[in-house]
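According to the numbering used here, the sequence shown is numbered sequentially starting from 222.
Only one structure is covered here, and it is reproduced in the block below.
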Amino acid sequence: MGGFGAGLALAGMAGPAFAASRRIGYAIVGLGSYATRQIMPNFAGCDQAKLVALVSGTPAKLAQYGDQYDIPATHRYSYADFDRIRDNPDIDAVYVVLPNSLHAEYVIRAAQAGKHVLCEKPMAVSAAECEAMIAACAKAGKKLMIGYRSRFEPYNRLAIELARGGHVGPTRLITAEHGFSAQPNQWRLDKPLSGGGSLMDIGIYSLNAARYLTGEEPVEVSAVESTDRNDPRFVTVEDRINFMLRFPSGIIANCISSYSSGHNGYRVIGTQGWIDMEPATPYSGQSMTIRKDGVTAPRTLPAPAKNQFAGQLDHLAECIQRGTTPIVPGEEGLADLRVIEAIYRSAAEGRSVRMGA
Ligand code: NAD
């Protein structure tokens with residue numbers, strides 16, 4: 222998979238400042254928790270992107286956030302109105318922050334309305350949907366990027382550089398753990414909306430980290446699931462599903478995905494030591510420790526000028542202005558969904574699955 226290496230230098234965080242002729246205007250689709258608490262406030266830290274429109278099924282939210290962010294009534298849309306964004310030249314890009322099973326429909330409709338798209342993870346609930354989304358954006362000549370925010374976070378970027386650069390010797394093993402205790406009564410626990418349980422929502426961080434830390438695509442996958450189906454949270458989706466990935470270079474990744482225990486970290490183990498990140502993928506507060514040749518020491522970085530949220534919003538904006546490809550394009554979301562499907566198959570069939578077989 223070639224996209225990884227090239228992207229590191231292009232992500233607009235380390236290179237010279239890019240002066241765009243004008244800021245790229247975003248419409249946010251879905252005014253839920255992530256959109257309103259993490260994404261919308263962080264436009265304030267952007268220098269290439271601005272918030273220009275809102276899409277919601279709840280008039281009270283359109284009024285509240287529309288007023289808060291100075292979005293005129295002409296730029297507030299319901300889902301029924303959504304396709305009218307086509308006629309609004311202020312909207313360059315659409316950011317889809319809806320429950321997972323709605324991503325495909327809104328990404329495709331956004332592309333058909335002539336807009337670039339940023340879509341939350343997981344990209345969709347199947348690889349086939351991802352392929353349709355990529356095709357729709359390609360047909361419309363529009364960019365498609367997936368919200369893998371950790372790729373715009375300095376500690377994760379350093380971990381990628383160190384791991385792939387052999388800082389602690391060639392990587393032999395990776396452990397990656399992500400999980401939390403899921404609250405009952407939410408769409409994440411309803412398979413038609415979520416597409417699956419912990420793996421779709423949080424285990425995907427373990428998977429994505431194993432892929433970005435190696436820069437490789439797994440060739441073999443094996444998984445074991447454990448779910449208490451008497452727990453009312455887990456009637457339709459899985460709780461824990463642990464998986465192992467074998468990569469072409471021989472690296473093995475051992476990954477945890479859980480909806481009933483707290484985890485957030487990874488460790489890259491090389492022949493001369495390890496790189497540890499815990500927590501690895503929170504909204505802030507990453508912490509890195511490195512053990513090399515018998516010496517263990519923390520590694521700290523200066524605070525970045527832009528946080529990961531502003532970084533990702535500006536990255537797509539910059540790609541639109543420059544005509545370049547995002548470092549986390551639709552193909553990146555598709556690659557994760559292909560492995561996710563193999564993980565579910567392995568767990569269901571009780572055997573390891575060869576990718577592409
Ligand atoms: P949420 O439940 O807080 O928000 C979902 C929004 O979708 C709500 O405003 C809801 O009203 C709306 N919606 C529209 N149609 C709906 C329907 N048919 N059923 C249910 N809700 C409907 O969820 P969230 O935590 O904001 O997650 C939204 C997306 O963002 C998900 O894909 C999730 O994986 C992703 N997410 C990403 C991160 C990250 O760090 N990258 C963090 C949280 C969530």
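Glycine included, C-beta positions come from ideal geometry on N, C-alpha and C.
It should be emphasised that the depicted structure is a prediction, and the values quoted were computed from it without experimental measurement.
Paired residues, beta bridge with residue i - DSSP
i, result
"F464", "A444, C476"
"R297", "L275"
"N485", "H399"
"G266", "Partner(s): none; G266 has no beta bridge."
"V250", "V276, V317"
"G390", "H388"
"I381", "According to DSSP, which records beta bridges pairwise, I381 is partnered with nothing at all."
Residue i, DSSP secondary structure in three states
i, result
"C540", "helix"
"M261", "helix"
"Y255", "helix"
"M366", "strand"
"A501", "coil"
"E553", "helix"
"V560", "helix"
"Y565", "helix"
"I292", "coil"
"G491", "strand"
"M509", "strand"
"T517", "strand"
"A430", "helix"
"I423", "helix"
"R575", "strand"
"L283", "helix"
"I548", "coil"
"L522", "coil"
"R409", "helix"
"E570", "helix"
Residue environment, residue i, which counts as buried when at least 16 other CB atoms sit within 10 Å
i, result
"D535", "buried"
"R258", "exposed"
"N406", "exposed"
"G483", "exposed"
"L394", "exposed"
"L522", "exposed"
"G439", "Per the sequence presented here, residue 439 reads as Pro, with Gly not at that position. Counting Cβ neighbours within 10 Å, P439 comes out buried, since at least 16 surround it."
"D291", "exposed"
"K360", "exposed"
"A281", "exposed"
"S470", "exposed"
"N429", "buried"
"D460", "buried"
"A345", "buried"
"D557", "buried"
"D497", "buried"
"G416", "buried"
"A578", "exposed"
"V456", "exposed"
"E382", "exposed"
"E570", "exposed"
"A232", "Model confidence at A232 stands at a pLDDT of 43, short of 50, so the residue's coordinates are unreliable and nothing is read from them."
Proximity test, residue i beta-carbon vs the ligand SAH heavy atom, cut-off 7 angstroms
i, result
"V315", "The model on display carries the ligand NAD but not the ligand SAH."
List, from N- to C-terminal side, the beta strand (DSSP E) runs of 3 residues or more that fit wholly inside the segment 299-355. Residue ranges of uninterrupted beta strand (DSSP E) with 3 or more members, entirely inside the segment 299-355 and ordered along the chain, are 314-317, 337-340.
Check whether the segment 372-382 and the segment 340-351 touch, using three or more Cβ-Cβ pairs below 8 angstroms as the test. no
Should the segment 359-371 be called in touch with the segment 509-519, which here means at least 3 C-beta pairs below 8 angstroms? Touching, no, given that fewer than three Cβ pairs across the two stretches are closer than 8 angstroms.
Contact the segment 552-568 vs the segment 420-430: 3+ CB pairs below 8 angstroms: yes
Three or more beta-carbon pairs under 8 angstroms between the segment 281-288 and the segment 306-321, yes or no? no
For the pair the segment 531-548 and the segment 436-455, tell me if three or more CB-CB distances fall below 8 angstroms. no
Does the segment 426-442 come close enough to the segment 408-416 that 3 or more CB-CB pairs lie under 8 angstroms? no
Any contact of the segment 488-504 with the segment 388-403, i.e. 3+ C-beta pairs under 8 angstroms? With the cut-off at 8 angstroms, the segment 488-504 and the segment 388-403 touch.
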